[in-house]
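The opening position of the sequence shown corresponds to residue 1 in UniProt numbering, with each subsequent residue numbered one higher.
Ideal Cβ positions, reconstructed from N, Cα and C, are used throughout, including at glycine.
Since the model is a prediction, treat every value here as computed from it, not as a measurement.
Single-structure report; data block below.
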Amino acid sequence: MLVALFVHDANTLFAFLKALRPANLLGPLERLWQLSVVKSHTDLWPYLNIRHDDENLTEEYQLHLLSVMKLYDRVFIHGSPNFPWTLANFKENVEFRWSEWIIDEDFETSWIAQISERVFELFSPNEFEKSDINMLLAEFPRFTNLRSLDLYIDEPWYLEDLFDFLADKSQITELEIPYRCGADFFHTDVTDSTARSIIRWFENLPVKVFKFERWDIEIEDDDLRDHFFETISTVNR
1 MLVALFVHDA NTLFAFLKAL RPANLLGPLE RLWQLSVVKS HTDLWPYLNI RHDDENLTEE
61 YQLHLLSVMK LYDRVFIHGS PNFPWTLANF KENVEFRWSE WIIDEDFETS WIAQISERVF
121 ELFSPNEFEK SDINMLLAEF PRFTNLRSLD LYIDEPWYLE DLFDFLADKS QITELEIPYR
181 CGADFFHTDV TDSTARSIIR WFENLPVKVF KFERWDIEIE DDDLRDHFFE TISTVNR
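Structural data, given as structure tokens:
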């Protein structure tokens with residue numbers, strides 16, 4: 001049955017399992033099949049997606065979910081589902097992508113905090129308040145393998161702090177900062193100090209992805225401005 005694990009398309013995999021199931025040939029993949037009754041195929045393959053609604057699964061299905069976790073090299077977590085899991089429930093080298101995440105006063109005791117060393121990507125569609133950013137920056141150091149960050153912003157005030165962290169305390173080499181504010185007049189000003197932080201990030205790490213929208217370049221120092229544009233143009237060269 002291990003051949004099934006080399007099938008990358010979710011619908012193909014579950015069609016394969018369906019064909020073999022009458023002959024009782026699924027073995028440990030029977031529980032994966034059972035989970036397809038309550039979770040979509042694409043939530044189960046090729047990566048495992050864990051959602052807040054999974055808290056409502058019956059005890060039987062939660063046990064099925066727990067039993068299949070070691071099948072996955074990569075797990076996508078949506079929101080902050082509350083489960084009594086630990087890193088030991090997953091593969092030794094598993095990587096997590098955490099989206100719709102929340103860093104709050106309860107984070108320290110959450111199971112996600114205990115697996116944070118394996119989170120490779122953070123994505124948030126949520127608008128940040130200043131207190132959220134301060135808490136986020138305070139918790140960032142625990143994400144020791146974080147390589148990718150995707151943030152929506154409506155305000156520019158935390159950019160310098162963010163890039164200071166990226167340059168000095170992170171391994172992040174992929175950053176996307178989309179814009180979603182409804183006001184057409186809104187732009188993010190990139191000042192001299194922010195530009196220096198961005199340049200330092202590029203100098204300290206092999207940046208692979210850097211995407212941003214609606215930025216006004218307000219760099220007063222001409223040499224610094226030239227250096228800034230030259231630096232960010234090196235991405236994906």
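Host beta strand (DSSP E) of residue i (start-end)
i	result
threonine 188	188-190
isoleucine 150	The sequence shown places aspartate at residue 150, not isoleucine. Residues 148-151.
tryptophan 111	Here tryptophan 111 belongs to no beta strand (DSSP E); instead the alpha helix (DSSP H) covers 111-114.
phenylalanine 76	74-78
phenylalanine 107	From DSSP, phenylalanine 107 is part of no beta strand (DSSP E); its letter is neither H nor E.
valine 7	From DSSP, valine 7 is part of no beta strand (DSSP E); its letter is neither H nor E.
leucine 122	119-124
arginine 97	95-99
glutamate 92	Unbroken run through glutamate 92: none, as it is neither H nor E.
isoleucine 177	174-177
Three-state class that DSSP yields for residue i in the structure shown
i	result
aspartate 221	coil
lysine 211	strand
arginine 51	coil
leucine 25	coil
alanine 183	With a pLDDT of only 49 at alanine 183, under 50, the local geometry of the prediction cannot be trusted, and no value is derived from it.
isoleucine 198	helix
serine 193	helix
valine 235	coil
The alpha helix (DSSP H) enclosing residue i, as first and last residue numbers
i	result
tryptophan 33	30-35
valine 68	59-68
aspartate 168	159-169
leucine 44	41-44
leucine 17	10-20
Rounded straight-line distance, which links the Cα of residue j to that of residue i
i	j	result
glutamate 55	asparagine 145	27 Å
glutamate 121	arginine 97	5 Å
phenylalanine 14	threonine 42	10 Å
aspartate 168	tryptophan 201	7 Å
leucine 17	valine 7	11 Å
leucine 35	threonine 191	51 Å
proline 84	histidine 52	14 Å
aspartate 161	tyrosine 152	16 Å
tyrosine 47	glutamate 203	34 Å
phenylalanine 212	lysine 39	35 Å
leucine 136	alanine 113	12 Å
isoleucine 219	glutamate 105	37 Å
alanine 183	arginine 214	Note on alanine 183: pLDDT 49, under 50, position unreliable in the model; no value is reported.
residue 253	phenylalanine 90	The structure shown has nothing for residue 253, since the chain only spans 1 to 237.
asparagine 93	threonine 86	13 Å
histidine 227	serine 124	30 Å
Option in the options with minimal Cα separation from residue i
i	options	result
serine 233	Glu220, Ile198, Asp221	Ile198
isoleucine 217	Thr194, Val235, Val3	Thr194
valine 210	Asp189, Val235, Glu95	Sequence inspection shows phenylalanine at residue 210; the valine mentioned does not correspond to that position. Looking at the Cα atoms, Val235 is the closest of the given residues.
arginine 147	Glu95, Glu100, Ile103	Glu95
glycine 79	Met69, Glu92, Ile50, Glu60	Ile50
serine 116	Ile77, Asp150, Asn134	Ile77
tryptophan 45	Asp9, Lys70, Thr58	Asp9
request  = Flag this pair as touching only if the stretch 100-111 and the stretch 57-70 have three or more C-beta atom pairs under 8 Å; answer yes or no.
outcome  = no
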